[in-house]
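Using the numbering used here, the letters of the sequence shown map in sequence onto residues 1357 to 2054. The block underneath contains the structure these notes are about, expressed in structure tokens.
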Amino acid sequence: MKKRFFILNFFFLFLILNAFTVYAVVEYSSMPIFAVTDTDEALRADLDLNLIPGGTADSFFSSKSVNVGTSTQTTGRIAVALAENYSDDSKKYDYKFNIKTQAVEVDGPSAGAAMALLVISSLQDKSLPGNVAVTGTITPDGIVGPVGGVFFKVQESSKHGIDLFMIPRGEGIQTVKLDGKIQTVDLIQHAFDEWNLKVVEVRTIDDVLKLAFENVEKIDITEQSSEREPIFKPKEIQINGKLNVMKDVFFEILEKSEQSLEESKQALNQTTIDDHYALSILLEYQRFAERNYEESSLLFDQNYLYSSANTAYLSLVYSSLVKDIAQNPVLLELDSDFFNQKLTDLSDKIDEFENSFSERLPVDLLEWNISSKQRLLWAKNFVQNLLTVKTVVLDNNERQKINIAVSNVESFHFAKEWLNVSKQFYEISKKSNSFAVQGEEFSDFADVLISEAENAVSSVDIEESEDVTRRLNSSRIAREKGWNVSSATDAFSAIALNNSRIRSQNQSLEQLVTFLEEKITDLEQRMSESGRDFLWPQLYLDHAKYFLEASAFYESEGLNTSAIDRAKSGLSLVFLAEGVFEVTDEAYNFYENVPVQNLSIPPVEDDTIFIFLIIIAGTLVFGIILKLLHSKQDKKIENISSLIRKRELLHKKELKIKKQERLIERKIRKAKDKPKPKKFAFKPKKAKKGKKEDYDMY
């Protein structure tokens, strides 16, 4: 009997202890969060959480005084789903959120990290200290993402007893307007010096959970600053002689972007714009411009030319946008006459420059000509869209109007800078030693590729297809103009980018890196076997190598998301390099074998020599006449004799030129008598069966 009683007592005790272990949670918890209003005014709110036992892991908001937007509600569900990785009991509750604030409406994902911290700490039976705050979005895999208004949120938190404020990694450097001037601020140091508040950058929810329960006094902000997301600094690479010209061109872009940055900063300091939302957008663009310029300078020093040019170009576009809007606030209005006039003027300049291109192709500088035409047509396409496509704003939403207006100005400056680069490339192409007359060759090839690119675009989401669509549209316009090589290049590039997207889907980091390495090795071998020094394929390939190294670097730092992003970028570039190589290699093979009669030598025209000789003769005669008038009589005979001798020399030169012309005519006749070369035709390569990665690339 006693034994049975002991067993029953032990069984009930086990149930009680087990129940206590399973349901050891904080059923009610709360933490301060900080938001920014339309006028850049930061305010405090309180995020409350109730865990309701017996639920199904549902999350909802309960508030009578605040309207909670869809984005915030979705963020709550992500936070609850993420908590499954931290507690086996997460599905045994429902999660009732409440936001207490003076605002009437709350929306946006910036409280995601706070929601995740609150849910996970409650499930782990940990009460949050009241002097800790965090801002940032949250992803299903626990990454804390960037948000706006970080500086003002941190500043406001210092007034409410917050000693530790966690912000997304990369947000420690802020561009803000303080005391009427635009300043770039190290927020970590600034907050400590000015408000005695410790600011720490975090990358994942694990970082947040660790820091939230540490002794704030023992947190070293100097150490935290050194633990910011590291910047990848690649080793210097060597470039071949052909790329040195490109280095000079890209250096000009880098210098131009540096000057533009200073001008945009000055324009921001002097702007009359008083709309806080518009100003915050311009400050973000200025910040992006500064970051891109810094990265561009680093990459240029290491000879990653295309990578440097890309970031310098973005810096130039963003800083130009900031300067333009800061100086002309009317650009924030939709369909303003001022903006429409700028568009019309740019369109006229594009049309005028477009007429500069002739039917002749520079054989030895063909890639410059192709690239010039590509960028001209990208600019043309952007401007045409801005002139014809009008966006409808629903409910007269002022923020939406500003967003659309800024986006339009951004597209305008992309087009403007593409036109400038196109002109640079065109001037270089004019220095070619030989030109070929462009006919219908490559027309069938371009048509096949355009059709393939159209199929590629139809299978891509609109948000993912911008670059592919831009190249396809450019290819169509080029085909209409008879620029068949440029048309084929852009169409093939569109296909290549789509193939890269398909090949990258659902791939692990290891799979992406392995495939990228294989593609780089294969293309390098093919380019080497061709015996030519390619320009753009080599630039793209170097850029792909840069991303491959960057991927390995971020993987070693434990930043797998960053590593995967770099690997995907590298893959898209090596596909792009392969596509451009395919077309330009075929083009060089064709035009280098064009019959002599279809080539012209541009540096000196036939008429130029004749005119030059006439000028020389006229100058000599005029000089002799003057000398005859002012010389003594006894010198006249000598001067006339000298004149006769010079004319004889001149006559001999003319005879020599005619002899050279006869030799050229004889060579042409011989060339005509030779059998005609076989007609050049392009045949698509057949796709390998059974492998999705061997997508038909022609």
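Ideal placement from N, C-alpha and C gives every residue a C-beta, glycine not left out.
Can you look up residue i in the DSSP assignment and give me helix, strand or coil?
i	result
Val1804	helix
Asp1629	Just to set this straight, residue 1629 is Ile in the shown sequence, not Asp. Three-state DSSP puts Ile1629 in coil, outside helix and strand.
Ile1476	helix
Leu1685	At residue 1685 the sequence reads Pro, which differs from the Leu that was named. In this structure, Pro1685 counts as helix in the three-state DSSP scheme.
Tyr1384	strand
Ile1544	helix
Glu1461	strand
Leu1565	helix
Asn1648	helix
Asn1423	strand
Asn1600	helix
Glu1822	helix
Asp2071	Residue 2071 falls outside the range modelled here, since the chain spans only 1357 to 2054, and no answer is possible.
Lys1729	helix
Gly1505	coil
Ile1593	coil
Ile1704	As written in the sequence, residue 1704 is Asp, which differs from the Ile given in the question. Residue state, collapsed to three classes: helix.
Ala1735	helix
Ser1483	coil
Asp1693	helix
Gly1517	coil
Ala1467	coil
Ser1831	helix
Thr1412	coil
Gln1658	coil
Ser1712	coil
Glu1766	helix
Val1673	helix
From the options, pick the residue whose C-alpha is nearest to that of residue i; which is it?
i	options	result
Ala1668	Asn1596, Ala1645, Val1686 and Asn1659	Ala1645
Ala1547	Lys1515, Lys1779, Phe1695 and Gln1511	Gln1511
Tyr1782	Ser1814, Gly1505 and Leu1722	Leu1722
Ser1415	Asp1402, Thr1430 and Leu1403	Thr1430
Glu1885	Gly1926, Asp1941, Glu1911 and Asp1921	Asp1941
Phe1390	Ala1923, Val1488 and Gly1432	Val1488
Val1605	Leu1617, Phe1656, Glu1651 and Lys1574	Phe1656
Leu1732	Glu1822, Val1762 and Lys1837	Lys1837
Ser1814	Gln1730, Ala1850, Tyr1896 and Phe1903	Ala1850
Ser1386	Glu1397, Ala1470, Ser1427 and Gln1458	Ala1470
Ser1675	Asp1519, Lys1612, Ile1726 and Gln1458	Lys1612
Lys1537	Ser1692, Gln1626, Leu1872 and Glu1440	Gln1626
Ala1844	Ala1665, Arg1827 and Asp1889	Arg1827
Ala1682	Leu1927, Leu1624, Ser1652 and Ser1664	Leu1624
Leu1872	Met1883, Tyr1902 and Phe1890	Tyr1902
Ala1472	Pro1409, His1516, Gly1505 and Ala1568	Ala1568
Ser1477	Asn1406, Ser1692, Ala1771 and Asp1630	Asn1406
Glu1573	Ala1398, Val1555, Lys1589 and Ser1790	Val1555
Thr1870	Val1762, Glu1905 and Glu1440	Glu1905
Gln1658	Gly1410, Gln1756, Pro1590 and Asp1707	Pro1590
Under the DSSP definition of a beta bridge, which residues are partnered with residue i?
i	result
Phe1453	Leu1405 and Phe1417
Met1522	Val1490 and Val1556
Ala1391	Leu1399
Gly1498	Gly1498 pairs with nothing; no bridge assigned.
Thr1531	Thr1540
Does the distance from the CB of residue i to the CB of residue j come in under 8 Å?
i	j	result
Val1436	Val1475	yes
Pro1893	Phe1937	yes
Glu1557	Glu1527	yes
Val1930	Ile1858	no
Val1824	Asn1854	yes
Ile1637	Leu1438	no
Ala1413	Ser1443	no
Ser1620	Gln1642	yes
Ile1726	Ser1842	yes
Asn1840	Ala1802	yes
Asp1898	Tyr1660	yes
Lys1452	Ala1401	no
Ile1499	Arg1559	yes
Phe2072	Gln1530	Outside the displayed span of the chain (1357 to 2054) sits residue 2072, for which this structure offers no information.
Ile1518	Leu1553	yes
Asp1846	Gln1740	no
Tell me whether residue i counts as near the ligand ZN, meaning its Cβ is closer than 7 Å to at least one heavy atom of that ligand.
i	result
Gly1486	By its list of ligands, the structure shown contains no ligand whatsoever, and the ligand ZN lies outside what it can speak to.
Exercise. Mind pulling the alpha helix (DSSP H) runs of 4 or more residues that sit fully within the stretch 1838-1926?
Worked result: Counting only runs of 4 or more residues that sit fully inside the stretch 1838-1926, the alpha helix (DSSP H) segments are 1840-1860, 1865-1886 and 1892-1912, in chain order.
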